[in-house]
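Numbering (the numbering used here), first residue to last: 183 to 409. Below: one structure, written as structure tokens.
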Amino acid sequence: MKQVTKLALAAVVAGMAVNAAAYEQGDWILRAGAVTVAPDEDSDSIVLPTAPPTVLPGVSVDNDTQLSIIPVYMVTDNWAIEVLAATPFEHDITVDGVGIPAGSIKHLPPTVSMQWYPRGGQKGWQPYVGAGVNYTFIFDEKVDPALAGALNGLLGATEADLSLDDSFGLAAQVGVDIPLSDNWAINAAVWYIDIDTTAKIRTDVGTVAFDVDIDPWVYNVGIAYRF
Ligand code: NI
Numbered sequence: 183m184k185q186v187t188k189l190a191l192a193a194v195v196a197g198m199a200v201n202a203a204a205y206e207q208g209d210w211i212l213r214a215g216a217v218t219v220a221p222d223e224d225s226d227s228i229v230l231p232t233a234p235p236t237v238l239p240g241v242s243v244d245n246d247t248q249l250s251i252i253p254v255y256m257v258t259d260n261w262a263i264e265v266l267a268a269t270p271f272e273h274d275i276t277v278d279g280v281g282i283p284a285g286s287i288k289h290l291p292p293t294v295s296m297q298w299y300p301r302g303g304q305k306g307w308q309p310y311v312g313a314g315v316n317y318t319f320i321f322d323e324k325v326d327p328a329l330a331g332a333l334n335g336l337l338g339a340t341e342a343d344l345s346l347d348d349s350f351g352l353a354a355q356v357g358v359d360i361p362l363s364d365n366w367a368i369n370a371a372v373w374y375i376d377i378d379t380t381a382k383i384r385t386d387v388g389t390v391a392f393d394v395d396i397d398p399w400v401y402n403v404g405i406a407y408r409f
């Protein structure tokens, strides 16, 4: 065989391998990687019952990255159900204006989406869009000593405790699997999730509540394996 023909054949075989990831009805796809929750938060102000009231502008919530595990089931060649799961996220919370650390929270934001694959049943890149619902469990809320100290100074509080309500809301996403072989692909995806909660700071001299819309952008980068 001529060298040129061999090269051409090798290119065709490589091309077939790269293009061999046609998603079809009944396929399971497991995605895993690094998933970042980047809050785009909007917080109500915090009104402390001093005389006159002390008004703090609200809180900021920082980013966190965890390990994602994202199973997908192809219901048809073009439609799938996906579950976004991850190891628990932990976010630090800061009081705006004064810039003191308020505390931290952990959460799990499982999100179930119905997805549409316009190129389902075809080989090559698999872009998708999805829409779904999210339930965010918020737990292990902790008050930072700096906030506890401020509440002691302003209110005379000797105890402080933070809690945030769980959230149920809608989610939207776009993503793509870029095939590496018949079964393996690189995945990149982004979600926008509506996570709205009410935060309560309970002290021995009263409770202060304020709404926080966390509304994060969520980014996943990882690998996908088709079964
Ligand atoms: Ni919201």
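Idealized CB from N, CA, C, for every residue including glycine.
Exercise for the section: Count the other CB atoms, across all protein chains shown, that sit within 10 Å of the CB of GLU341; report buried if there are 16 or more and exposed otherwise. Expected result: Here GLU341 is exposed. Its C-beta has fewer than 16 other C-beta atoms within 10 Å.
Exercise for the section: Following the continuous alpha helix (DSSP H) through PRO334, name the residue where it begins and the one where it ends. Expected result: The question names Pro, but residue 334 is Asn in the sequence shown. Taken as a continuous stretch (DSSP letters only), the alpha helix (DSSP H) holding ASN334 covers 327 to 337.
Exercise for the section: Out of GLY331, GLY335, ILE368, THR236, point me to the one whose CA is closest to ALA216's CA. Expected result: Nearest of GLY331, GLY335, ILE368, THR236 to ALA216, Cα basis: ILE368.
Exercise for the section: Compute the minimum distance between the beta carbon of ASP395 and the heavy atoms of ligand 1, and state whether it is under 7 Å. Expected result: Yes; taking the cut-off as 7 Å, the Cβ of ASP395 has a heavy atom of ligand 1 nearer than that.
Problem - Beta-carbon proximity check, VAL390 vs ILE383, cutoff 8 Å - result: Against a cut-off of 8 Å, the Cβ pair of ILE383 and VAL390 comes out as a contact.
Practice task
Return yes when at least one heavy atom of ligand 1 lies under 7 Å from the C-beta of ASP378, else no.
Solution key: Yes; taking the cut-off as 7 Å, the Cβ of ASP378 has a heavy atom of ligand 1 nearer than that.
Exercise for the section: Going by DSSP, name the residue or residues bridged to ARG301. Expected result: Beta-bridge pairing links ARG301 to no other residue.
Handout entry: Given ALA353 as reference, the closest of GLY312, GLN304, GLN308, ASP395 once Cα atoms are compared
Key = Residue GLY312 is the option with its Cα nearest to ALA353.
Problem - Min CB distance THR340 to chain B below 8 Å - result: In the structure shown, chain B does not exist; there is a single protein chain.
Exercise for the section: For THR379, name the three-state secondary structure that DSSP assigns. Expected result: It is a strand residue.
Practice task
Indicate whether ALA339 and VAL387 have their beta-carbon atoms separated by less than 8 Å.
Solution key: Result yes, Cβ atoms of ALA339 and VAL387 sit closer than 8 Å.
Problem - Spatial neighbours of ALA406 in its chain, beta-carbon cut-off 6 Å, leaving aside the 5 residues before and after - result: Only ILE211, ARG213, ASP359, ALA367, ASN369 meet the Cβ criterion.
Exercise for the section: May I have the straight-line CA-CA distance separating LEU290 from GLN355, to the nearest angstrom? Expected result: LEU290 and GLN355 have their C-alpha atoms spaced approximately 18 Å apart.
Handout entry: Assigned secondary structure, THR318 (DSSP; H/G/I helix, E/B strand, else coil)
Key = In the structure shown, THR318 adopts extended strand secondary structure according to DSSP, grouped into three states.
Problem - Same chain, Cβ closer than 6 Å to ASP209, neighbours up to 5 away in sequence not counted - result: For ASP209, same chain residues with a beta-carbon under 6 Å away, outside a window of 5 residues either side, are MET256, ARG408 in chain order.
Practice task
Please name the residue in VAL277, ALA267, TYR401, ASP343 whose C-alpha comes closest to that of PHE319.
Solution key: Per the C-alpha coordinates, the member of VAL277, ALA267, TYR401, ASP343 positioned closest to PHE319 is ALA267.
Practice task
Since I believe GLU223 is in contact with ILE396 (beta carbons under 8 Å), could you give me their beta-carbon distance rounded to a whole number of angstroms?
Solution key: Right, their Cβ atoms sit about 5 Å apart.
Handout entry: Residue interval of the beta strand (DSSP E) (run including ASN260)
Key = For ASN260, there is no enclosing beta strand (DSSP E), as DSSP marks it with neither H nor E.
Practice task
Determine the direct distance from the alpha carbon of ASN334 to that of THR324, and round the result to whole angstroms.
Solution key: In the sequence as presented, Thr is not what sits at residue 324; that position holds Lys. Each residue's Cα considered, the two are about 16 Å apart.
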